[in-house]
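Visitor: Line by line, the protein sequences are chains A and B. The first sequence begins at 0 in numbering that gives the first Met the number 0 and counts up one residue at a time. The second sequence begins at 0 in numbering that gives the first Met the number 0 and counts up one residue at a time. All C-beta atoms in this analysis are idealised placements derived from N, C-alpha and C, irrespective of residue type, glycine included.
Protein chains: 2
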Amino acid sequence: MQAENTTLNSFDPHVSVDCVILGYDGESLKVLLSRQGEEDPNSQYNSLKLPGRLLYADEDLDDAANDILNQLTGSQNHYVRQFRAFGSPTRTNNPKDVLWLENAIKQKIGRIVTIAYLSLVRINNRTHRTFAGHDAAWYKVSELPELAFDHSTIIREVLKELEMLSVQQPHLIFEMLPPKFTALQLRRVHEQICGHELDVRNFSKFIMNKPYIVPLDEWEQNVSHRAARFYKFQVGKVKL
Amino acid sequence: MQAENTTLNSFDPHVSVDCVILGYDGESLKVLLSRQGEEDPNSQYNSLKLPGRLLYADEDLDDAANDILNQLTGSQNHYVRQFRAFGSPTRTNNPKDVLWLENAIKQKIGRIVTIAYLSLVRINNRTHRTFAGHDAAWYKVSELPELAFDHSTIIREVLKELEMLSVQQPHLIFEMLPPKFTALQLRRVHEQICGHELDVRNFSKFIMNKPYIVPLDEWEQNVSHRAARFYKFQVGKVKL
DNA sequence: CCAAAAGTGTTAAAGTTACACCCATGT
DNA sequence: ACATGGGTGTAACTTTAACACTTTTGG
Chain A
0 MQAENTTLNS FDPHVSVDCV ILGYDGESLK VLLSRQGEED PNSQYNSLKL PGRLLYADED
60 LDDAANDILN QLTGSQNHYV RQFRAFGSPT RTNNPKDVLW LENAIKQKIG RIVTIAYLSL
120 VRINNRTHRT FAGHDAAWYK VSELPELAFD HSTIIREVLK ELEMLSVQQP HLIFEMLPPK
180 FTALQLRRVH EQICGHELDV RNFSKFIMNK PYIVPLDEWE QNVSHRAARF YKFQVGKVKL
Chain B
0 MQAENTTLNS FDPHVSVDCV ILGYDGESLK VLLSRQGEED PNSQYNSLKL PGRLLYADED
60 LDDAANDILN QLTGSQNHYV RQFRAFGSPT RTNNPKDVLW LENAIKQKIG RIVTIAYLSL
120 VRINNRTHRT FAGHDAAWYK VSELPELAFD HSTIIREVLK ELEMLSVQQP HLIFEMLPPK
180 FTALQLRRVH EQICGHELDV RNFSKFIMNK PYIVPLDEWE QNVSHRAARF YKFQVGKVKL
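#1: Which ranges does the alpha helix (DSSP H) cover as unbroken runs of at least 4 residues, wholly within the segment 48–117 of chain A, from first to last along the chain?
#2: Please report how far the alpha carbon of A:His170 lies from the alpha carbon of B:Gly194, in whole angstroms.
#3: To be precise: take each residue of the segment 79–92 of chain A, compare its Cβ to all Cβ atoms of chain B, and keep it if any distance is under 7 Å. Which residues remain?
#4: When the Cα of A:Glu58 is compared with those of B:Val14, B:Arg110, B:Pro50, B:Leu53, which residue comes out closest?
#5: Using a cut-off of 7 Å between C-beta atoms, extract the partners of B:Glu58 located in chain A.
#6: Please work out which residues of its chain come closer than 6 Å, Cβ to Cβ, to B:Ala63, disregarding the five sequence neighbours upstream and downstream, and give them in chain order.
#7: Under DSSP, the beta strand (DSSP E) around B:Gln35 begins and ends at which residues?
#8: What's the C-alpha gap between B:Lys231 and B:Val199?
#9: Can you tell me whether B:Pro210 is buried or exposed, with buried defined as 16 or more other CB within 10 angstroms of its CB?
#10: For the segment 166–195 of chain B, which residues have a CB atom closer than 7 Å to at least one CB atom of chain A, in sequence order?
#11: Does A:Glu219 come out as helix, strand or coil in the three-state DSSP assignment?
#12: Excluding five sequence neighbours on each side, which residues of the same chain lie with their C-beta closer than 6 Å to the C-beta of A:Trp99?
#13: Classify A:Leu183: buried if its beta carbon has 16 or more other beta carbons within 10 angstroms, exposed otherwise.
#14: Assuming B:Cys18 contacts B:Leu60 (C-beta within less than 8 Å), just tell me the rounded distance between them.
#15: Take B:Lys179 as the anchor and find which of B:Phe229, B:Ile114, B:Ile206 has the nearest alpha-carbon.
#16: Does A:His13 get closer than 8 Å to chain B when you measure Cβ to Cβ?
#17: First and last residue of the beta strand (DSSP E) that includes A:Phe232?
#18: By how many angstroms is the C-alpha of B:Phe173 removed from the C-alpha of B:Thr181?
#19: What residues in the segment 23–37 of chain B bring their beta carbon closer than 8 Å to a beta carbon of chain A?
#20: Per DSSP, A:Cys18 is paired with what?
#21: Which residues of chain B have a Cβ atom closer than 8 Å to the Cβ of A:Gly109, listed in chain order?
#22: Enumerate in chain order the residues of its own chain whose CB-to-CB distance from A:Leu197 is below 7 Å, with the five nearest sequence positions on each side excluded.
#23: List the residues that DSSP assigns as beta-bridge partners of A:Val213.
#24: So, using beta-carbon positions, are A:Val112 and B:Val14 closer together than 8 Å?
#25: Of all Cβ atoms in chain A, is any one closer than 8 Å to the Cβ of B:Val112?
#26: According to DSSP, is B:Lys238 helix, strand or coil?
#27: Excluding the five sequence neighbours on either side, which residues of its own chain have a C-beta within less than 6 Å of the C-beta of A:His77, listed in chain order?
#28: Roughly how many angstroms separate the alpha carbons of A:Ala56 and A:Ile192, rounded to a whole number?
#29: Can you list, in chain order, the residues of its chain with a C-beta nearer than 8 Å to that of B:Ala84? Leave out the 5 residues immediately preceding and following it.
#30: Buried or exposed, going by whether 16 or more other CB atoms sit within 10 Å of the CB of B:Arg52?
#31: For my contact list, B:Tyr23 and B:Leu176 are in at a C-beta cut-off of 8 Å; report their separation, rounded to the angstrom.
#32: So, at 6 Å on beta carbons, what are the nonlocal neighbours of A:Val237 in its own chain, with the 5 sequence-adjacent residues on each side left out?
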């Protein structure tokens, strides 16, 4: 913000907010992607993208992220935090993406600086809802198709961040689990995040006696082996 | 980036890059601030700011940060990394700042989204250099004057990040130290960062036998006590 | 009684914390 | 000799990592 240069060489890029919305379906880590247009493998543009949009006037970045999230999931109070800004001048240069952008936005797009957000949600039927003009669906992060812009890179970077968070702030992971869960379910999410198996007993010591994990008097039903206990996550007891 | 909204409610905010450039002068942690205009306590606007400017067309965010840094320090290869984007619609609303902005940029400023960077540099004479039209000088982070926009907040948040980094990636701290330093100097920087005293012996164990710290055959001269050994930091030996 | 997953404890190693004395130098 | 900071070790405790058997349930 120095005077002498601003009127000469500066310009105003578009600013967008994109959300990496992660969930766990009991088996794999998934990311919510939105599709613009028909599902056609021979399409001229990459129709899969991170959910996001340009920033509105007078809208805070965090508010935009929350709004995108609410639009898609139909519910509020999800965990969401800013991850990082991506602003390479070439990130919108893929001809497929240019084609789509000019179609969608109806004007020449010089450049878009995007602020990426990381969000953790519970996968349920509501989040599979289809919205007018665009679908949103869950995709395994381990088998991502080609995505628009640098969205694959953004997801990859966010997943590294998530791995760190799962160790340093393990309570965040409950955002992805149902209100009642077994020790196995909890361990599986962590394994998906860190990419390798975790020792059952050591993992128990790490997490199961945190004050915010409370055992319920409920057990699995109709399983052909010893029934696992259910636990719940108690928000009020999180201490860092 | 969804088509239906972009043409209706979206707009293009200005995008800037601001650098929190931190250094250590042997006594305190300092931040490099630039002053626009005369040093006048009764000035109508806040003349002290983080060094930064609007983004140029075709300029990557990281490149902008590096450029700002090079302009001020006159040297390259400083440690610099993106910290976080700040985009509250009200961050440019302080009347003092509005006055300055309209003066400096010669146009109505609706809003500026800034990408804040964290940088660690060595304080020396070159970094005290004055540039045409604006001064830059080091200020103690513990006694910051009033700053423009939300720059005080940005600095506060960056300092929290630095505290984390000094523990998790202690090698970064050498960016702020001279090529040769004593164990005391090293400890003092860490104490400034974490805000309390550190036990001499425990700190030694923590840092002094990392492979990237190499003892030199040089000792302090002319001190009225046992001379302290000098060490240097060996870049190639950093392992995380 | 078999298959399948649940649940539970110990030991060794590494790391962390708290704490105190002698050494080298200049005045 | 004294004032100043330099430099070093140990013991208690905590954390981490590796590792295996018994329990419960349904078929």
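Guide: By the coordinates alone:
#1: 60–72, 94–104
#2: 28 Å
#3: Gln81, Arg83, Ala84, Gly86, Ser87, Pro88
#4: B:Arg110
#5: Pro88
#6: Val16, Leu54
#7: 28–35
#8: 19 Å
#9: exposed
#10: none
#11: coil
#12: Tyr44
#13: exposed
#14: The Cβ separation is near 11 Å, so there is no contact.
#15: B:Phe229
#16: yes
#17: 228–232
#18: 12 Å
#19: Ser33, Gln35
#20: A:Tyr116
#21: Ala56
#22: Arg186, His189, Glu190
#23: A:Lys231
#24: yes
#25: yes
#26: coil
#27: Leu68, Ser118, Val120
#28: 36 Å
#29: Val112, Thr113, Ile114, Ala115
#30: buried
#31: 7 Å
#32: His170, Tyr211
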